[in-house]
Structures are given as structure tokens and as C-alpha cells.
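Going by my numbering, the sequence shown runs without a break in its numbering and finishes at 374. From the three backbone atoms N, C-alpha and C, an ideal C-beta is built for every residue, glycine too.
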Amino acid sequence: MFDFRRLRSPIIQAPMAGGINTPELVAASINAGVVGSFGFAYSSPEQILKDIKAARSLIHSDAQGALNCNFFVVPENFEASAQDSEKALNALKSLEFSGNLELNLPGPPYFPNLESQLESVWKDPPDILTFHFGVPDQAILSQARSMNIKVGMTATSAQEAEKVEKAGGDFIVAQGIEAGGHRGAFQPDGEDKKLKTLALIKMLTGSSKLPLVAAGGIMNRNQLIAMTQAGATAVQMGTAFLTCAESGAPQEYKEMLLDQKTRPSLFTRAFSGRPARALENEFISLMQGQPLLPFPLQNTMTASIRKKAQKLENPEYQSLWAGENYRECRKESVAELIERMSL
32 MFDFRRLRSP
42 IIQAPMAGGI
52 NTPELVAASI
62 NAGVVGSFGF
72 AYSSPEQILK
82 DIKAARSLIH
92 SDAQGALNCN
102 FFVVPENFEA
112 SAQDSEKALN
122 ALKSLEFSGN
132 LELNLPGPPY
142 FPNLESQLES
152 VWKDPPDILT
162 FHFGVPDQAI
172 LSQARSMNIK
182 VGMTATSAQE
192 AEKVEKAGGD
202 FIVAQGIEAG
212 GHRGAFQPDG
222 EDKKLKTLAL
232 IKMLTGSSKL
242 PLVAAGGIMN
252 RNQLIAMTQA
262 GATAVQMGTA
272 FLTCAESGAP
282 QEYKEMLLDQ
292 KTRPSLFTRA
302 FSGRPARALE
312 NEFISLMQGQ
322 PLLPFPLQNT
332 MTASIRKKAQ
342 KLENPEYQSL
352 WAGENYRECR
362 KESVAELIER
372 MSL
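Listed below in C-alpha cells is the structure:
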């Protein structure tokens with residue numbers, strides 16, 4: 032059974048859905064002695080099995096790291112009136128970049144079925160399962176326990192951390208406001224105190240009995256030390272891995288992180304319908320104040336725009352998820368990143 036103490040460095044390479052977490056990135060992380068993670072939120076059951084198998088073929092027999100598979104906890108019911116849907120669709124159609132794209136309102140199934148996705152995981156179980164946006168059903172947690180899989184869940188507040196603990200989670204991923212990508216809040220429209228990672232760790236250290244993984248803004252060894260001294264068992268890093276050689280991020284995405292140091296990293300709902308931190312680009316700017324649908328409906332509607340942008344190597348219409356401290360990104364390998372982070 033997984034134990035954080037077995038790692039060479041107390042680091043989780045963050046799960047990042049959408050092709051960033053290649054088998055090469057995940058395997059390189061595990062070979063470097065940390066947790067390598069797949070972000071399987073949008074993946075089919077077939078792709079999940081394929082990716083796990085591919086990563087395992089690249090993992091050294093003496094690797095000290097561990098494998099994590101991450102999923103979103105998404106409610107099955109989505110509320111969007113016909114009027115709201117048309118307004119959101121027209122906002123996207125009005126963009127010059129949309130051009131000849133055939134943009135349509137999404138239809139069911141709106142999101143991959145979690146139980147079906149997990150069937151692949153049970154066939155080739157990882158060391159760890161983590162969940163974002165909430166707590167999965169108890170049946171899922173029971174199945175994981177029966178297979179000696181450790182389970183972690185994201186929390187952005189003391190209230191969410193308490194829910195993770197009550198559900199029987201093994202550890203808490205404490206996500207601060209600095210983190211890139213989707214905010215892990217259980218209720219996207221609820222009150223968000225926007226706590227910084229260090230403040231959240233200090234607060235949860237006093238209230239939670241579970242191990243804490245600090246997530247958000249961690250790019251160097253000093254920040255890792257600060258988090259562990261404040262009570263974190265480990266840290267989770269995503270943005271730092273985006274510009275690694277093994278990352279699946281498009282080249283233009285990597286170049287934006289490495290070269291566009293003056294761009295703000297800010298929260299937007301424009302791409303997915305949920306708050307997510309990204310580098311500001313033309314799409315985000317043009318969509319400010321425009322009608323949007325909730326996640327995952329907005330995410331589905333913008334998929335063709337993001338796909339076209341990637342095909343054209345145009346970063347201005349891609350979702351460039353990036354944490355607040357992205358300016359510390361380096362062009363390096365996973366092994367080099369872990370080496371400079373090692374205590």
C-alpha cells in the first residue's frame with residue numbers, strides 16, 4: 032500500500048486532463064521517485080487502460096515513485112434553459128475566430144460516466160486515486176479500499192476538508208488560490224475565501240487529522256520546504272511540469288509560459304463554465320461579460336474552438352492553464368525538475 036515516506040521527494044506531479052499527462056511524463060515522474068499522475072477526467076475507459084499500460088511499460092523496476100489516476104466528480108443533472116443556451120452559443124459564434132466552425136449546443140451524455148471510467152482502473156489498479164470537485168460515492172471508496180488503493184480528494188476550505196475526512200479519504204489535496212487549472216471547490220458558485228496555499232495548510236493542520244498535500248504556486252525547493260514546515264506531508268505541482276520535455280502541452284503553450292512573462296494568470300469561466308486559472312489570452316478577453324453555460328456544457332461547446340486553435344498552433348484561443356507563479360517555469364526534463372526540488 033502506498034506511503035508518502037517511500038518517495039524520493041514528497042511531490043505529486045499534478046493530474047492535468049486533456050493530453051498534458053502523457054505516459055512519458057507520468058513514467059518519468061515515477062522513475063524520478065515522485066507520484067506520477069494521469070488526469071483522466073475526459074478519457075474513455077479504453078484510453079485509460081491504454082495510457083496506464085503505456086506508462087507501466089516505461090517505469091523502471093526499481094522506481095521509488097507511485098501511480099495516481101485522477102477523476103472529476105461531476106453531478107449528473109445540468110440546468111441550462113433554452114434561452115441561456117442560445118445566448119451562450121451565439122456569444123461563441125460571434126467570435127471572428129469561430130469562422131466556419133459548426134458550433135452546436137451539447138447533448139447527452141454531457142460528461143464521461145465515472146463508474147465506467149473506473150472499471151478500467153479496477154482492471155489495472157494504481158497506487159492512488161484522487162478526485163476533484165467533490166467526494167465520490169461510498170461504493171467507489173469502498174472498492175478502492177478493498178484493493179489497497181489510497182484515495183485523496185481536493186479541498187479549498189476547512190468545510191470541504193471536513194467532508195473529505197468524514198467520507199473516509201486517506202489524504203487531502205489542499206488547493207490554494209495560486210493553483211493553475213480548475214478550482215477544486217465543491218460548489219463553483221458558493222462562497223470562496225480564496226485562501227493562499229500556505230494559509231490553507233496552516234489552517235487545516237490545526238483541524239484535520241489526515242495528511243495534507245499542498246497544491247498551488249509551488250515552483251521551487253524553498254516553497255516546498257515552507258509547505259512541509261507548515262504541516263504539509265507533500266506538495267502537488269502542475270505548472271512546473273507543463274514545460275518539461277515529456278509534457279504533452281503543445282509547443283506554443285510551452286513557449287507562452289516560458290516567454291510571455293508579463294501576461295497575468297487569472298481566473299476565467301470562459302472555456303469550461305467553471306472557474307479555472309489560465310494565462311490571459313484573446314479568447315478570455317473577448318469573452319468577458321459574455322453569457323456562459325455551466326460546466327461541462329460550456330467546456331463541450333468550446334471544444335471545437337480549442338481544437339482549431341491547437342491545429343493552427345494559435346495559443347490565443349487555447350485554454351492555457353497556468354498557476355500564479357508560472358514565470359518560474361523552465362525548459363527542462365522531469366528528472367532535472369525533481370533533482371532541483373529534492374531536499
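ask   = Under 7 Å, do G165 and F217 count as touching if we go by C-beta distance?
value = Yes, they are a contact pair.
inquiry  = Taking the alpha carbon of M258 as the reference point, which residue from F202, A230, D223, P281 has its own alpha carbon closest?
reply    = Closest option to M258, Cα to Cα, is A230.
key: Separation of R39 from A245, as counted between CA atoms   = If I take the Cα positions, the gap works out to 17 Å.
message = According to DSSP, is R308 part of a helix, a strand, or is it coil?
response = In the structure shown, R308 sits in a strand (DSSP, three-state: E or B).
task = Quick one: give me the first and last residue of the beta strand (DSSP E) that V244 is part of.
result = Segment 243-246, the beta strand (DSSP E) holding V244.
key: Rounded distance between the beta-carbons of A122 and L89, thought under 8 Å   = Taking C-beta atoms under 8 Å as the contact rule, L89 and A122 fail to qualify, at a distance of about 43 Å.
key: Span of the alpha helix (DSSP H), counted from its first residue to its last, around A353   = Going by DSSP, A353 is part of no alpha helix (DSSP H) at all; its letter is neither H nor E.
key: Residues that DSSP places opposite L368 in a beta bridge   = Here L368 is not bridged, per DSSP, to any residue.
ask   = Counting along the chain, where does the beta strand (DSSP E) carrying K181 start and finish?
value = Note, K181: beta strand (DSSP E), 181-186.
task = Can you check DSSP and say which residues form a bridge with L134?
result = Answer is none; L134 lacks a bridge partner.
task = Report yes or no: do the region 316-326 and the region 334-341 share at least 3 C-beta pairs separated by less than 8 Å?
result = The region 316-326 vs the region 334-341: no contact.
key: Bridge partners - E217, DSSP secondary structure assignment   = Before going further, note that residue 217 is Phe rather than Glu in the sequence given. Beta-bridge pairing links F217 to no other residue.
task = Tell me whether L38 sits in a helix, a strand or coil according to DSSP, three-state version.
result = Secondary structure of L38 (DSSP, three-state): coil.
request  = Could you tell me the distance, in whole angstroms, from the CA atom of R87 to the CA atom of D155?
outcome  = Taking the Cα positions, R87 is about 10 Å away from D155.
message = Suppose you measure from the CA of P139 to the CA of A170; what does that come to, to the nearest Å?
response = When rounded, the distance between both Cα atoms is 24 Å.
request  = Indicate whether T185 and G215 have their beta-carbon atoms separated by less than 7 Å.
outcome  = Annotated as proximal: T185 and G215, with beta-carbon spacing under 7 Å.
inquiry  = Is it buried or exposed, W153, if we count other Cβ atoms within 10 angstroms and call 16 or more buried?
reply    = Of the residues assessed, W153 falls on the exposed side of the cut-off, its CB having fewer than 16 other CB atoms within 10 angstroms.
query = Do A265 and the ligand NAD come close, with the Cβ less than 6 Å from some heavy atom?
reply = Only the bare structure without any ligand can be found here, which leaves the ligand NAD out of the picture.
request  = Select from A307, A353, I203 the residue whose C-alpha is nearest the C-alpha of H213.
outcome  = Measuring from the Cα of H213, the nearest candidate turns out to be A307.
inquiry  = Measuring straight from C-alpha to C-alpha, what distance separates M32 and V104?
reply    = A direct Cα-to-Cα measurement between M32 and V104 gives close to 24 Å.
message = Can you check which of these residues, E222, A271, A192, is closest to G237 by C-alpha distance?
response = For G237, the nearest C-alpha among the options comes from A192.
key: Residue span of the alpha helix (DSSP H) that contains I232, given as start and end   = Per DSSP, the continuous alpha helix (DSSP H) segment holding I232 begins and ends at 228-236.
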